[in-house]
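A.B. asks: Have a look at the structure that comes next, please.
Chains as they are written, first to last, in my numbering: chain G, 1 to 574; chain X, 1 to 100.
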């Protein structure tokens, strides 16, 4: 086959009256044309021509993270906080492979990020040259699209298409691999690229909308099951309006949190493995599941054939490949979620008994923070700390998290009133995500308070990014919940592996406050419940970057818990 | 003998099928399409690829389910989601594979 550029380019445009430009110059100017302002990157041999030009482009702010994985995750945090496409740079070989976890994270959470990697010169590609890996081939399963640049004249069109693809439809990561000789090559030519021809439906067919409305009117126990697609499809206002008009209860996936305000009277909470009881019971008993921007992920459904066993299904998703992938539906609406939600008008649901049951359960299973804290005293009960913190932080605060027990506590106990308030690694479950994502979010939304909640296992995976906080004075607030174990793995060992605590003990952790101070970050430790209020005050009132290190009990687990391979009705409790 | 713990929900169905996939002549598209088919839970029984007069490629694959939640309709949509895949459709009749 020929190169990517030979199909797409329409014609060669020679610009005789301009001086020749290098591939690097064209790349960076093209990024400016796409509205890029911030790049998270790390230089190295093959991408040096790009970094050589970078200082001459004042429109581009480069953030030097301390590891390429940090660059990638910072770009994800930036994208999720701003709603714009993120950008990350790395060099060839290990620089590129260090990006792969971030690329996979962006793929599984449908985040628009363009990753640009340097590559060895084209005459060395395929020769096992120094720092050569086939990053194009290695990332094929986890990119929305990817390119190898063969001709600098293609760069403006390719970059424009890359940013278009990353953001259109269901967003995702796009990779551009730039060989060093192409970055150095001079050209006066520009290849024109055709707009990408794929045509997708704007919204569901009108007869399907009518059918969906009919099902919603007939249902006695209807339930909305929402996911991250609501925010990515800009459908938050339309969802809330439809919920008000129909008065139907709502449950959410981890990624969907914030699409409904956490304290909204119709919101039952998160469903799934660590879902709230009111939410999981509602799913199991409903007779109509109205799925919007969610994909029947296994962490949400538990054992698939026991999920919502009595329910008909209406599925709305912009990605038609998700329809009927895991659950056969009765009606689907593809295309824009925003338009589909706005078009539905079934009237108020006649399901008073169902509403009373759902809302009654929500009240019945309300969390007893004071009682749990009293049992934990003088130790710190982490869920109460997070609950108090999120209510004392300003309404616009963004929470980013790492992965593990603290991630589930954040999802269960923090308050979110819009999706951008909650940035978590949902699909890939990437430990090490929280700190770089937090700094990226703060750079993208400097007017908002950004709080990263991490664990002692997770923070060690990208702790080098404390140096990035210091270098740029990024006022990120970090809450480090330290139970000196790999908490979630230990919980599973306790519950499912006969307390065989294999390789989960981290009681030789460093003193995290001292470590932060070594990076010149303000830090302090909270050991007992009596110190929590003052600690939260100090965290919220510190102007610069700050780390609050909180010692918690390793025996405190996340509840409820649905055992793997079981129905969501089988929730284990403390 | 090894016994695998399997979720019976996703046991191999033995479904075989033929797909016709039209690809633009763009570097990486063929491997993207073939890789997607394997990753989504199918083995190849036959693969045939020819270039058309308009420059596009016709890729004809005969595949068999190896287990997983996929069905061929979903697989076609997943293929059509790839950039530079023009279309993907089932051809011929599906039949049950004979089991040993």
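Don't be surprised by glycine CBs; every beta carbon is placed ideally from N, CA and C.
Remember, it's a predicted structure, so these values are computed and weren't measured experimentally.
(1) Classify residue 259 (chain G) as helix, strand or coil using the three-state DSSP reduction.
(2) Between residue 140 (chain G) and chain A, is the shortest Cβ-Cβ distance under 7 Å, so that the two count as touching?
(3) Could you name the residues of chain X that residue 145 (chain G) contacts, counting a contact when the two beta carbons are closer than 7 Å?
(4) Looking at residue 51 (chain G): is its Cβ nearer than 7 Å to the Cβ of residue 43 (chain G)?
(5) Against chain G, with Cβ distances strictly below 7 Å, would residue 35 (chain X) count as a contact?
(6) For residue 77 (chain X), go through chain G and note every residue whose CB falls closer than 7 Å to its CB, in chain order.
(7) So residue 346 (chain G) and residue 530 (chain G) are supposed to be a Cβ contact under 8 Å. How far apart are they, rounded?
(8) Rounded to the nearest angstrom, what separates residue 471 (chain G) and residue 72 (chain G) at their Cα positions?
(9) My understanding is that residue 399 (chain G) touches residue 421 (chain G), with C-beta atoms under 8 Å, so please give their C-beta distance in whole angstroms.
(10) Just to make sure I have the definition right: I need the residues of chain G whose C-beta is within less than 8 Å of the C-beta of residue 32 (chain X). Which are they?
(11) State the start and end residues of the unbroken alpha helix (DSSP H) segment that holds residue 105 (chain G).
(12) Give the secondary structure of residue 503 (chain G) by DSSP, where H, G and I count as helix, E and B as strand, and everything else as coil.
(13) Please state if the CB of residue 374 (chain G) and the CB of residue 643 (chain G) are separated by a distance shorter than 7 Å.
(14) Answer yes or no: does any C-beta atom of chain G fall closer than 7 Å to that of residue 39 (chain X)?
(15) Once DSSP output is grouped into helix, strand and coil, what is the label at residue 80 (chain X)?
(16) Taking the beta strand (DSSP E) that residue 206 (chain G) falls in, what are its first and last residues?
(17) Between which two residues does the alpha helix (DSSP H) containing residue 559 (chain G) stretch?
(18) Rounded to whole angstroms, what is the Cα-Cα separation between residue 226 (chain G) and residue 236 (chain G)?
(19) Locate the alpha helix (DSSP H) running through residue 356 (chain G), then write down its first and last residues.
(20) Distance, Cα to Cα, residue 117 (chain G) vs residue 31 (chain X)?
(21) Assuming residue 282 (chain G) contacts residue 223 (chain G) (C-beta within less than 8 Å), just tell me the rounded distance between them.
(22) Can you pull the DSSP bridge partners for residue 81 (chain G)?
(23) Between residue 412 (chain G) and residue 270 (chain G), how many whole angstroms is the CB-CB distance? I'm expecting something under 8 Å.
(24) Using only CA atoms, which one of G:501, G:111, G:293 lies nearest to residue 341 (chain G)?
(25) For the beta strand (DSSP E) that residue 329 (chain G) lies in, which residues bound it at each end?
(26) Taking all protein chains shown into account, do 16 or more other C-beta atoms lie within 10 angstroms of the C-beta of residue 18 (chain G), making it buried, or fewer, making it exposed?
(27) What did DSSP end up calling residue 288 (chain G) once you bin it into helix, strand or coil?
(28) Can the beta-carbon of residue 545 (chain G) be found closer than 7 Å to that of residue 476 (chain G)?
(29) Buried or exposed: residue 328 (chain G), going by 16 or more other Cβ atoms within 10 Å of its Cβ?
(30) Check whether the Cβ of residue 74 (chain X) lies closer than 7 Å to any Cβ atom in chain G.
(31) With contact counted as at least three CB pairs below 8 Å, one residue from each stretch, are the stretch 166-180 of chain G and the stretch 107-123 of chain G in contact?
(32) Suppose the cutoff is 8 Å on Cβ atoms and the five residues either side in sequence are ignored; what does the same chain contact list for residue 146 (chain G) look like?
(33) Measure the alpha-carbon distance for residue 56 (chain X) versus residue 155 (chain G) and round it to whole angstroms.
(34) Cβ of residue 160 (chain G) within 7 Å of Cβ of residue 187 (chain G)?
(35) Leaving aside the five residues before and after residue 203 (chain G) along the sequence, list all residues of the same chain whose C-beta is less than 6 Å from its C-beta, in chain order.
(36) For residue 136 (chain G), go through chain X and note every residue whose CB falls closer than 8 Å to its CB, in chain order.
C.D. replies: Well, looking at it:
(1) coil
(2) Note that chain A does not occur in the displayed structure, where the protein chains are G and X.
(3) 83
(4) yes
(5) yes
(6) 320, 321
(7) No, residue 346 (chain G) and residue 530 (chain G) are not in contact; Cβ-Cβ is about 53 Å, not under 8 Å.
(8) 18 Å
(9) 6 Å
(10) 140
(11) 94-108
(12) coil
(13) Beyond the ends of chain G as shown, which are 1 and 574, falls residue 643 (chain G); an answer cannot be given.
(14) yes
(15) helix
(16) Looking at the DSSP string, residue 206 (chain G) is not in any beta strand (DSSP E); the run it does join, the alpha helix (DSSP H), is 206-218.
(17) Note, residue 559 (chain G): premise wrong, no alpha helix (DSSP H); not H, not E.
(18) 10 Å
(19) 352-364
(20) 20 Å
(21) 5 Å
(22) DSSP lists no partner for residue 81 (chain G).
(23) 7 Å
(24) G:293
(25) That residue, residue 329 (chain G), is in no beta strand (DSSP E); it is neither H nor E in DSSP.
(26) exposed
(27) strand
(28) yes
(29) exposed
(30) yes
(31) yes
(32) 136, 139, 140, 174, 175, 176, 177
(33) 23 Å
(34) no
(35) 335, 336, 339, 340
(36) 28
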